[in-house]
Each structure stands twice: as C-alpha cells, then as structure tokens.
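Heads up: the structure comes next, in structure tokens.
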Amino acid sequence: MRKYLIITIIVISLLLTACSSSEKEFSDDDFVIFTSIYPIQYIVENIAGDVAMVESIYPPGVDAHTYEPTSKEITKMANADAFIYLGAGMESFVETAADALTSQDITFVEIGKHEELFMEADHDHTHDHGNHHEHDEHHHFDPHVWFDPLRMIEMGKIITEDLSELNPELQETFTQNFATFEANMKEIDQKYVDTLADKHHPSIIVSHAAYGYWEERYGIEQIPVSGLTSSEEPSQKDLVAVTKMAKEQQLKYVIFEQNSSNKTAKIIQEHIHADALEIHNLEMLTASDIENKEDYLSLMEKNLEVLRKATE
6 MRKYLIITII
16 VISLLLTACS
26 SSEKEFSDDD
36 FVIFTSIYPI
46 QYIVENIAGD
56 VAMVESIYPP
66 GVDAHTYEPT
76 SKEITKMANA
86 DAFIYLGAGM
96 ESFVETAADA
106 LTSQDITFVE
116 IGKHEELFME
126 ADHDHTHDHG
136 NHHEHDEHHH
146 FDPHVWFDPL
156 RMIEMGKIIT
166 EDLSELNPEL
176 QETFTQNFAT
186 FEANMKEIDQ
196 KYVDTLADKH
206 HPSIIVSHAA
216 YGYWEERYGI
226 EQIPVSGLTS
236 SEEPSQKDLV
246 AVTKMAKEQQ
256 LKYVIFEQNS
266 SNKTAKIIQE
276 HIHADALEIH
286 NLEMLTASDI
296 ENKEDYLSLM
306 EKNLEVLRKA
316 TE
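Take any residue in the sequence shown, count from 1 to its spot, add 5: that is its number in my numbering.
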C-alpha cells in the first residue's frame with residue numbers, strides 16, 4: 006500500500022510539472038473551488054453564485070463510496086483555491102491527493118471535522134434483528150447527511166464561513182446567497198414533512214443503509230440489504246431477517262439506486278414478489294441529470310414521490 010501511494014504521488018508530481026508548461030485551465034484571477042460529492046458542489050455553487058468556478062473531481066454517475074480519481078483528475082485541482090470534501094469516511098483518496106498537491110497553493114476543507122453535523126451509524130438498527138455487518142463498526146458516523154435538508158443548511162453555514170475566509174472581499178455576497186439557499190432547504194423539508202405525515206407503511210426496503218437521516222427526520226424506517234456502503238455484503242442471517250421483515254410488514258417495493266446494481270436486493274425483490282422503485286442517492290449527478298438540468302431540489306422532489314408511493 007505504501008509503495009502504491011509513493012508511485013501515485015510521483016506520477017501526479019510529473020503531471021503537475023507537465024501541466025505547468027502548458028496552458029492552464031483556470032486563470033490566476035479565477036476563484037476556483039473543487040468539490041467531491043454533488044451535495045457539496047450544489048451548496049458551493051449556490052453560496053458562491055457566479056463569482057466562483059465550481060467543479061466536482063468526480064465524473065458523472067460514479068459511486069462516490071468506491072471511486073478513486075485518476076492522477077490526471079487530481080492534478081486538475083492544482084490551480085484551485087480550495088478542495089471542499091465531506092470526510093466522515095466518504096472519500097478514501099483525500100490523503101493521497103493532499104500529499105501529491107502539497108507544493109500547490111490549495112486549501113483542503115473537510116466538512117466532516119464538524120462532527121455535530123452527523124448522526125452516529127446505528128449498527129444494530131441498520132438491521133433491527135441484531136445481525137449487523139461486522140465491518141459496519143469501522144464507520145463511526147453515517148456520512149449520508151445530505152438527505153436531511155435541515156442538515157444541508159448547517160453544511161451551508163459552514164461552507165459560507167469557509168468561502169468567506171478564502172475570499173473575504175466576497176463575504177457579503179456569500180451571506181446573501183446563503184439566505185436564499187436556506188429558504189429553499191426549509192421549503193423542501195416542509196414538503197417532506199407534509200407528504201410523509203400520514204404514511205401507512207413507514208418501512209422501506211433499500212439496497213444499502215444510506216437513509217438513516219430520513220428516519221430521524223421523517224420517521225421513515227429503512228430496512229437495508231447492504232451496509233453503509235453499497236459494497237458491504239450482508240450475511241445469510243441478515244438476508245433471512247430482511248426477507249422475514251418484508252413479509253411480516255407486507256412491503257410491496259424494494260428501492261434501488263440510480264448508479265449501482267445490487268444483485269442481492271434483486272434476489273430479495275423477486276423472492277417476496279415486490280415491485281422495484283428507483284431513488285437517487287444524490288452522491289453524483291448522472292450525465293442524464295446534467296442534460297436534463299436536474300439539481301438537488303428537483304431530485305429530492307422526485308425522491309419524495311418515490312417515498313410517497315413506497316409508504317402508501
């Protein structure tokens with residue numbers, strides 16, 4: 006692992022040298038922010054408005070839990086003012102990127118250092134029957150904080166402060182833009198409250214345990230097939246328990262995600278004769294999302310329609 010890290014850093018250093026002799030993608034006068042997952046990109050774009058160039062290091066549609074940016078993608082950040090990322094176990098590549106870009110004038114901003122933002126990963130509740138995945142215990146916090154619009158507001162406050170420190174002359178602009186952002190988040194939160202207030206079946210079967218914040222905020226109980234990441238495989242006992250709970254509660258749907266396939270969840274769906282629904286995990290926009298000009302608010306509204314159907 007150490008050998009791989011050293012090789013990666015050397016490759017990135019060579020690419021940085023090559024890039025320095027060619028035309029820069031961004032000028033020195035641009036205020037450039039790179040981000041990791043889409044919800045952070047969305048917040049930065051809304052707080053910064055048109056005074057910053059904002060770009061995600063991730064390509065469209067990837068699984069943010071498992072994707073490792075290439076050396077070329079990391080070097081794109083060399084001329085940026087900052088890289089804003091979640092942390093909390095979400096992005097595994099950040100240490101490598103920080104080492105590779107140590108000679109560059111870029112600030113790494115970790116949202117996850119504000120631990121008050123997160124709820125602890127409730128391993129026993131991930132599978133109420135008590136058979137949680139052994140490697141779930143490595144996750145102290147549930148990183149999927151963006152599913153809660155009110156926590157998005159708290160993230161927005163933090164990012165407003167961070168952007169103001171990076172560019173103090175624009176603090177008033179950032180503060181004004183945050184007010185609009187906050188109002189939008191409160192509006193979508195109220196839509197969730199109103200729509201889910203009279204749910205008949207509060208439990209949903211999901212492909213992985215990403216929706217604990219909906220349970221905390223809106224009372225939607227997730228029955229996950231996999232753990233906090235889609236790559237965490239359930240035990241045989243977990244599968245039996247999920248199937249049993251689905252039959253006992255007469256659940257009619259299994260909810261999948263837009264950018265990943267879960268063969269185990271598909272097997273459960275077929276076994277209990279349930280229909281499939283698709284939800285957007287918001288980690289990254291797909292190429293289709295970008296083409297259709299989808300954003301956090303529009304995707305959250307579509308997710309709400311899925312939840313309405315799944316809980317009716």
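From the three backbone atoms N, C-alpha and C, an ideal C-beta is built for every residue, glycine too.
These figures come from a predicted structure and were not determined experimentally.
Enclosing beta strand (DSSP E) for residue i [first to last residue]
i, result
"residue 211", "208 to 213"
"residue 36", "Unbroken run through residue 36: none, as it is neither H nor E."
"residue 227", "226 to 231"
"residue 90", "87 to 90"
Beta-bridge partners of residue i, as assigned by DSSP
i, result
"residue 282", "260"
"residue 98", "Partner(s): none; residue 98 has no beta bridge."
"residue 59", "38"
"residue 114", "89"
"residue 146", "125"
Reference residue i, options the options, closest by Cα
i, options, result
"residue 190", "177, 153 and 175", "153"
"residue 71", "155, 59, 226 and 96", "96"
"residue 101", "121, 75 and 65", "75"
"residue 308", "261, 48, 41 and 113", "261"
"residue 291", "35, 42, 38 and 34", "42"
"residue 305", "44, 58 and 38", "44"
"residue 172", "81, 86, 217 and 294", "86"
"residue 112", "36, 122, 150 and 69", "36"
"residue 46", "106, 161 and 248", "161"
"residue 296", "65, 114 and 34", "65"
"residue 48", "84, 182 and 197", "182"
"residue 277", "300, 188, 302 and 210", "210"
Simplified DSSP assignment, three categories, for residue i
i, result
"residue 299", "coil"
"residue 67", "coil"
"residue 265", "coil"
"residue 192", "helix"
"residue 138", "Confidence at residue 138 is low in this model, with a pLDDT of 40, below 50, so its placement is unreliable and the value that follows should be read with caution. Three-state DSSP puts residue 138 in coil, outside helix and strand."
"residue 238", "coil"
"residue 202", "coil"
"residue 273", "helix"
"residue 174", "helix"
"residue 180", "helix"
"residue 309", "helix"
"residue 244", "helix"
"residue 251", "helix"
"residue 185", "helix"
N- and C-terminal bounds of the alpha helix (DSSP H) containing residue i
i, result
"residue 157", "154 to 171"
"residue 52", "43 to 53"
"residue 77", "76 to 80"
"residue 72", "No alpha helix (DSSP H) holds residue 72; DSSP gives it neither H nor E."
"residue 151", "That residue, residue 151, is in no alpha helix (DSSP H); it is neither H nor E in DSSP."
"residue 2", "Not covered by the structure: residue 2. The range shown for the chain is 6 to 317."
Rounded distance between the beta-carbons of residue j and residue i, thought under 8 Å
i, j, result
"residue 205", "residue 317", "6 Å"
"residue 224", "residue 239", "With 8 Å as the limit, residue 224 and residue 239 do not qualify as a contact, their Cβ atoms being about 24 Å apart."
"residue 179", "residue 93", "At roughly 24 Å, the Cβ-Cβ gap does not stay under 8 Å, so residue 179 and residue 93 are not in contact."
"residue 168", "residue 62", "About 18 Å separates the two Cβ atoms, so there is no contact after all."
"residue 214", "residue 227", "6 Å"
"residue 286", "residue 264", "7 Å"
"residue 60", "residue 88", "With a Cβ gap of about 10 Å, residue 60 and residue 88 do not count as contacting."
"residue 273", "residue 248", "6 Å"
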